[in-house]
Amino acid sequence: MGERKQVAIGIVGCGFYAQNHLHAWADLRREGALLTAVCDRDPDKARAAGDKFGVPFFTDMAKMLDETRVDLVDIATRMDTHQELAAIAAERGIGAIVQKPLAPTWQECVAIVDKTRRHNAWLAIHENFRFSTGMRNVKKVLDQGTIGRPSWARLSWRTGFDVYRGQPYLAEEKRLVIQDVGIHVLDLARYFLGEVEHLSCETQKRNPNIRAEDTATIMMRHASGAVSVVEATYAARRGDDPFPETLLEIEGDSGSIIVTKGEKMTVSTQGLSFVEAIGGPLLSWTSRPWHVSQEAVLHTNRHMFGRFRDGLPADTSGEDNLKTYALVEAAYESASAHKSVKPVLWK
Ligand code: NAD
Ligand code: 89Y
């Protein structure tokens with residue numbers, strides 16, 4: 019077998035969550051993903067990341083792309099910067115991975131995807147939940163047909179973990195829980211049950227000290243006929259808080275899959291039940307409770323640079339992620355209009 023091409027990776031944004039991207043790229047070096055440069059507009063953060071991972075650092079993405087070999091740029095900044103940064107990559111024909119949410123508005127999301135397409139550049143969205151070992155194991159059971167055709171599901175992300183400590187900007191967002199974390203759970207609903215015909219949503223702001231909704235309850239009808247409930251909250255008060263795990267129940271015509279805290283999956287079929295630990299191991303750079311989210315970054319990055327290298331779209335390409343973002347839009351519209359909404363892809 020011939021040598022596989024190496025991919026030069028540059029990362030933009032060396033903040034809170036990007037630390038996981040940096041470690042993941044370091045782990046993937048032996049597989050051919052070579053981190054060649056880092057960038058943050060805050061020089062201290064850029065320097066710290068450059069020094070830690072042994073690569074040159076920049077405070078301007080265009081300069082980084084002009085002065086270093088980068089085939090694929092990993093944009094791990096916040097959503098308000100994504101359109102500008104993705105355009106810089108697209109105009110140079112450089113591939114881009116962009117963190118979720120793709121942008122603050124639907125119009126900007128579509129503009130990013132359109133611009134990338136016009137420049138014939140590669141784009142993937144860093145939607146990591148569906149790449150976690152646990153969620154991949156659930157999908158495997160579904161694909162094997164063990165529970166038959168899935169017809170009902172509840173996907174639940176309920177926490178009281180202080181997310182505002184690591185991500186203080188969340189308290190000021192105009193849209194909060196659906197756009198920040200509900201987006202992951204809606205993506206999982208598509209991953210497990212397929213596209214959505216219509217949905218209805220109720221939102222609540224239970225914490226008076228934040229700007230937007232911190233709780234959402236969404237009911238969806240899928241094209242397959244399945245019905246799902248997607249729940250997301252930052253205001254739960256639970257003894258055994260599952261942060262940052264997605265708990266779920268999926269019922270099929272011949273069985274069920276139930277995932278409870280601790281990434282424990284119970285599969286029941288034909289009168290028998292078996293229980294399996296479905297999570298991945300702790301890595302040298304992951305720690306509880308974040309490890310579930312962190313290890314998903316490793317698998318997301320591996321998937322993305324592999325697909326880029328092979329000239330193939332990522333499972334969470336720009337086009338694919340618009341379908342998830344359309345559910346976010348529909349959920350907000352439903353909550354404000356108090357009616358069921360059909361997600362619209364091309365407005
Ligand atoms: P952060 O504010 O800690 O980090 C963002 C960094 O980007 C900052 O260091 C900032 O200086 C830098 N930056 C901003 N504009 C820049 C520019 N033009 N050029 C270079 N650097 C620039 O934010 P965060 O909490 O790390 O969030 C980043 C993204 O990651 C968000 O989109 C967030 O939704 C996402 N995120 C994902 C998960 C997950 O589980 N998938 C978890 C947390 C955050
Ligand atoms: O920002 C959120 C995300 O994307 O995953 C978990 C999180 O960091 C806090 O809820």
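Note that the working numbering has the sequence shown beginning at 19, numbered continuously upward. Quick reminder that beta carbons are idealized off the backbone N, C-alpha and C, glycines included. A quick note: this is a predicted structure, and the numbers were derived from the prediction, not measured.
Please tell me whether residue i and residue j are closer than 8 Å, where the distance is taken between their beta carbons.
| i | j | result |
| --- | --- | --- |
| Phe71 | Leu52 | no |
| Arg239 | Val214 | yes |
| Thr54 | Ala26 | yes |
| Thr151 | Ile296 | yes |
| Val310 | Glu263 | yes |
| Asp271 | Gly163 | no |
| Thr177 | Phe261 | yes |
| Gly50 | Asp89 | no |
| Ile228 | Ala254 | no |
| Val315 | Asn155 | no |
| Lys282 | Tyr209 | no |
| Val30 | Leu103 | yes |
| Ala105 | Lys81 | no |
| Val293 | Thr304 | no |
| Ala353 | Glu220 | yes |
| Asp232 | Leu265 | no |
| Ala67 | Asn319 | no |
| Ser169 | Gly243 | yes |
Could you check the C-alpha separation between residue i and residue j for me, to the nearest Å?
| i | j | result |
| --- | --- | --- |
| Glu347 | Gly200 | 11 Å |
| Glu85 | Phe326 | 22 Å |
| Ala142 | Asp205 | 14 Å |
| Val91 | Val245 | 38 Å |
| Thr350 | Asp198 | Looking at the sequence shown, residue 350 is not Thr but Tyr. Rounded to the nearest angstrom, the two C-alpha atoms are 13 Å apart. |
| Ala108 | Ile115 | 11 Å |
| His17 | Ser291 | The structure shown has nothing for residue 17, since the chain only spans 19 to 365. |
| Asp180 | Asp259 | 11 Å |
| Leu83 | Leu211 | 39 Å |
| Asn339 | Cys127 | 9 Å |
| Pro74 | Phe34 | 20 Å |
| Thr235 | Lys23 | 45 Å |
| Glu337 | Lys360 | 18 Å |
| Glu313 | Leu300 | 8 Å |
| Arg172 | Gly257 | 21 Å |
| Met19 | Asp328 | Its pLDDT being 43, under 50, Met19 is placed unreliably by the model, and nothing is read from it. |
| Val362 | Pro331 | 22 Å |
| Ala64 | Gln117 | 18 Å |
| His321 | Met153 | 15 Å |
Over the uninterrupted alpha helix (DSSP H) stretch that includes residue i, give me the two end residues.
| i | result |
| --- | --- |
| Gln222 | No alpha helix (DSSP H) contains Gln222, which is instead part of the beta strand (DSSP E) from 214-222. |
| Lys341 | 336-355 |
| Gly68 | 61-71 |
| Gly324 | 309-327 |
| Arg208 | 201-211 |
| Leu83 | 79-85 |
Helix, strand or coil, according to DSSP, for residue i in the structure here?
| i | result |
| --- | --- |
| Pro168 | strand |
| Gln162 | coil |
| Val181 | helix |
| Lys282 | strand |
| Ala55 | strand |
| Arg176 | strand |
| Glu109 | helix |
| Phe34 | coil |
| Thr123 | coil |
| Val195 | helix |
| His137 | coil |
| Ala412 | Examination of residue 412 is not possible in this model, given that the chain is present from 19 through 365 alone. |
| Met19 | Bear in mind that the predicted position of Met19 carries a pLDDT of just 43, short of 50, making it unreliable; the figure below should be weighed with that in mind. Three-state DSSP puts Met19 in coil, outside helix and strand. |
| Thr235 | strand |
| Lys365 | Confidence in Lys365 is poor, its pLDDT being 49 and thus under 50, which makes the residue's placement too unreliable to answer from. |
| Ala114 | strand |
Give the range of the beta strand (DSSP E) segment to which residue i is assigned.
| i | result |
| --- | --- |
| Asp92 | 90-93 |
| Glu249 | 245-251 |
| Leu290 | 290-295 |
| Gly270 | 265-270 |
Within the present structure, is the beta-carbon of residue i separated from the nearest heavy atom of ligand 1 by less than 7 Å?
| i | result |
| --- | --- |
| Gly31 | yes |
| Asp205 | no |
| Gln162 | no |
| Asn146 | yes |
What do you reckon, is the C-beta of residue i under 7 Å from a heavy atom of ligand 2?
| i | result |
| --- | --- |
| Pro262 | yes |
| Asp258 | no |
| Asp232 | no |
| Val346 | no |
| Gln101 | no |
| Ser174 | no |
| Ser311 | yes |
| Asp92 | no |
| His41 | no |
| Gln197 | no |
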